[in-house]
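Protein chains: 2
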Amino acid sequence: MNNVFKALNDPTRREILELLREKDMTAGEIVEQFRISGPSISHHLDLLKQAKLVIAEKEGQFIYYSLNTTVVDEIMKWLLQIKSKKK
Amino acid sequence: MNNVFKALNDPTRREILELLREKDMTAGEIVEQFRISGPSISHHLDLLKQAKLVIAEKEGQFIYYSLNTTVVDEIMKWLLQIKSKKK
DNA sequence: ATAGTATTTAGATATTTGTCTAAATATACA
DNA sequence: TGTATATTTAGACAAATATCTAAATACTAT
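Top line first, the protein sequences correspond to chains D and R.
Each residue of the first sequence is one higher than the one before, starting from 137 at the first, in my numbering.
Each residue of the second sequence is one higher than the one before, starting from 137 at the first, in my numbering.
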């Protein structure tokens with residue numbers, strides 16, 4: 137869960153997730169949306185992958201990234217627990 | 137919102153929130169729950185305060201900290217939006 | 001006033017993080 | 001086979017972060 141919070145704690149990475157909400161994209165397409173170098177985006181994608189927030193699938197010479205929202209449920213559960221204050 | 141993700145991106149701070157779920161506590165009581173120095177906890181509390189995840193109220197020589205979960209709703213909303221994948 | 005308790009602020013330090021450029025790897029295709 | 005394209009890995013560096021000790025502030029009570 138730590139990894140997920142870590143992954144979410146960056147505006148660029150959150151923006152990547154928002155992009156992937158619309159449609160799956162290749163690393164290159166994602167890079168195009170930002171003014172950040174390819175390697176930096178690649179690094180962000182790696183963190184998102186580690187958190188299991190995205191899935192990477194190779195198709196020929198491209199790598200397609202897609203959202204994986206199952207981990208989001210876990211976070212929401214934790215947040216709900218916090219919200220259910222005892223006193 | 138950035139501040140909230142930042143505040144949540146630390147196990148100690150998340151644990152503080154879990155403690156405050158049970159009951160309001162003074163800074164000193166919170167410090168007792170950890171093996172971390174008072175000043176460090178004070179710093180964590182400050183970040184939580186900045187994120188508006190906790191509220192601090194002075195009572196005599198003590199400062200009582202309590203959960204504020206209204207900000208949590210904002211995060212949940214964002215997460216739900218991410219979960220509602222288009223394709 | 002003075003002493004004691006609660007908490008924060010200041011300043012230092014080691015670690016982590018986000019970014020970059022250059023190089024490496026992998027695939028496509030002529 | 002050789003060249004172009006897509007992406008990642010490696011290594012460096014500045015900025016942010018978590019922690020500490022020492023000092024400052026604020027309140028209580030003798």
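Where is the CB? At the ideal position from N, CA and C, for every residue including glycine.
From the beta-carbon of residue 153 of chain D, the residues of chain R found nearer than 9 Å are 218.
One alpha carbon belongs to residue 161 of chain R, the other to residue 152 of chain D, and they sit about 38 Å apart. In this structure, residue 144 of chain D sits near residue 187 of chain D, with a CB-CB distance shorter than 9 Å.
As the crow flies, the alpha-carbon of residue 195 of chain D is around 38 Å from that of residue 209 of chain R. Pairing residue 203 of chain R with residue 218 of chain D gives a Cβ-Cβ distance under 9 Å.
Residue 138 of chain D reaches chain R at 147, counting residues in chain order whose Cβ is nearer than 7 Å. The criterion of a C-beta distance shorter than 9 Å is not satisfied by residue 191 of chain D and residue 141 of chain D. Distance from residue 159 of chain D to residue 157 of chain R at the Cβ level is roughly 38 Å; contact not present, criterion being Cβ atoms closer than 8 Å. Taking 9 Å as the threshold, the shortest C-beta distance from residue 209 of chain R to chain D falls below it.
In chain order, 199 place their CB closer than 6 Å to the CB of residue 163 of chain D, counting only its own chain and leaving out the 5 sequence neighbours on each side. Here residue 172 of chain R is exposed. Its C-beta has fewer than 16 other C-beta atoms within 10 Å.
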